[in-house]
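Engineer: Residue numbers (this note's numbering): 1 to 452.
Beta carbons are placed, not taken as given, at the ideal position from N, Cα and C, and that holds for glycine.
My structure is below; once you've seen it, I'll send some questions.
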């Protein structure tokens, strides 16, 4: 017993010095203090940023997506599995007890077999003297934390994708409405040209030119119907549904404008708000724990065992034999051809790789935010210019149309002004949609809250 006690004490002292590489320190000094492009959005206190579009139909769709999306459901299941794995790892720190019941028999070749009941219970306890179990719990906890952040990231990405598809649907509907208005305008022009041709005031060439412009505009309808169908079916999948028939068109045939949303914050806020950055940080913590696991294998490991056996020597149903044993198993690494140290080197290299993954994720996040902010400014300026162009094109078309009726200008001038007007209106719809897409990208990039 004195030898065992001395051995245990020696191992305890050795275990106190168990090497464990700390997680690399994340240098936040390199993170800029402010985004290069200022945030020019008005802000309110609501963290559910999509409500800034002030669209009840969109709000209902997002609520369904957060509830029924299958990617989110899968991430939620993986989180449950990861949390259960943590409980399993923690259970290794508790003594395990197992029991058995059987029949013992004795007797020679010519003797009658003497059978009697027997049973017992065994105990196994790992005191974790080398720290391996603690590191395994740390690794499992880091994986569970990463799974929680992955769930948040799935919500972030699903919300962004849902709003994008909804805006795309609204853009297709707005373009279809514009096609109807444009064809009505071109049909009016065609009727005027046909009347002038019938009166001998215009050539047949003018009729053909006006008809060609009308056909060119009508040819866009099929592409827009396809885009609308694709956006609607993409929304169905995001809602966890089999692709559904096209929903009725929205009563408001415009791109929803963004009125207000939560503040975008500063670059340092990304470190605590953006889920994929938090996933990378948790992966880094797991890698550091794995280094500790591999380092623990360099140290001796101790397992304490015990067993209590009971039996009935006479088969009378009475316990008349009770035996207890206690043991200790000491596993001391001596020679393994360098395997353990190679595994430590591999674990450290993986930790370095995950640290670089974290840094790359941060750089990508900063890039996405900056691009979104520049996009908002650029497309906002473009939309303002296009509204001015539409106003000028409307005036030019009305004047040229009036002059053409008086025979003071050619049909070419009328059709050219008409094309410019239609083209500017189409470009404005696209530009307004691009503003919405940039806003979506911005709040997805800054990791804005998407509810619980």
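What is the DSSP secondary structure of residue 34, counted as helix, strand or coil?
Structural biologist: coil
Engineer: Can you tell me whether residue 435 is buried or exposed? The criterion is at least 16 other CB atoms within 10 Å of its CB, across all chains shown.
Structural biologist: buried
Engineer: In the DSSP assignment, find the unbroken alpha helix (DSSP H) run with residue 246 in it and report its ends.
Structural biologist: First-last for residue 246: undefined, no H or E at that position.
Engineer: Out of 127, 99, 103 and 129, state which residue places its alpha-carbon closest to the alpha-carbon of residue 121.
Structural biologist: 99
Engineer: Three-state secondary structure (DSSP) at residue 410?
Structural biologist: Here residue 410 sits in coil by DSSP.
Engineer: How is residue 123 classed by DSSP in three states: helix, strand or coil?
Structural biologist: strand
Engineer: Suppose you measure from the CA of residue 243 to the CA of residue 156; what does that come to, to the nearest Å?
Structural biologist: 22 Å
Engineer: Judging by CA-CA distance, which residue of 262, 32, 335 and 254 is the nearest neighbour of residue 298?
Structural biologist: 335
Engineer: How would you label residue 183, buried or exposed, when you count the other beta carbons within 10 angstroms and need 16 or more for buried?
Structural biologist: buried
Engineer: On the DSSP bridge list, what partners appear for residue 304?
Structural biologist: Looking at the DSSP assignment, residue 304 forms a beta bridge with 125 and 328.
Engineer: Are residue 444 and residue 282 touching if we call contact CB-CB under 7 Å?
Structural biologist: no
Engineer: May I have the straight-line CA-CA distance separating residue 235 from residue 166, to the nearest angstrom?
Structural biologist: 7 Å
Engineer: Give every residue of the same chain whose Cβ lies closer than 8 Å to the Cβ of residue 178, excluding the five residues on either side of it in the sequence, and list them in chain order.
Structural biologist: 422, 425, 426 and 429
Engineer: Sorted by chain position, which residues of the same chain lie with C-beta nearer than 6 Å to residue 45's C-beta, five sequence neighbours on each side aside?
Structural biologist: Below a pLDDT of 50, predicted positions are generally treated as unreliable, and residue 45, at 47, falls in that range; no measurement from the model is reported.
Engineer: Cβ atoms of residue 90 and residue 137: under 7 Å apart, would you say?
Structural biologist: yes
Engineer: Where residue 349 and residue 301 are concerned, what is the direct C-alpha to C-alpha distance, given to the nearest angstrom?
Structural biologist: Between the alpha carbons of residue 349 and residue 301 lies a gap of roughly 25 Å.
Engineer: Out of 385, 442 and 162, state which residue places its alpha-carbon closest to the alpha-carbon of residue 265.
Structural biologist: 442
Engineer: On the criterion of 16 or more Cβ atoms from any shown chain inside 10 Å, does residue 223 qualify as buried, or is it exposed?
Structural biologist: Exposed is the call here.
Engineer: Three or more C-beta pairs closer than 8 Å, one from the stretch 282–295 and one from the stretch 339–358: is that the case here?
Structural biologist: Between the stretch 282–295 and the stretch 339–358, the count of C-beta pairs closer than 8 Å reaches three or more; the two stretches touch.
Engineer: Pull up the DSSP beta-bridge partners for residue 100, would you.
Structural biologist: 120
Engineer: Would you tell me roughly how many angstroms separate the C-alpha atoms of residue 162 and residue 246, rounded to the nearest one?
Structural biologist: 16 Å
Engineer: Just curious, the alpha helix (DSSP H) that residue 228 is in, first and last residue?
Structural biologist: 220–238
Engineer: Per DSSP, what kind of secondary structure is residue 447 in: helix, strand or coil?
Structural biologist: coil
Engineer: Which residues in the same chain have their Cβ closer than 6 Å to the Cβ of residue 396, if we skip the five residues on either side of it in sequence?
Structural biologist: 417
Engineer: Is residue 255 helix, strand or coil by DSSP?
Structural biologist: Reduced to three states, the DSSP call for residue 255 is coil.
Engineer: The alpha helix (DSSP H) spanning residue 397 covers which residue range?
Structural biologist: 339–405
Engineer: Since residue 86 contacts residue 270 with CB under 8 Å, what's their CB separation in whole angstroms?
Structural biologist: In fact, because the Cβ distance is near 27 Å, the residues do not count as touching under 8 Å.
Engineer: Name the one or two DSSP bridge partners that residue 323 has.
Structural biologist: 309
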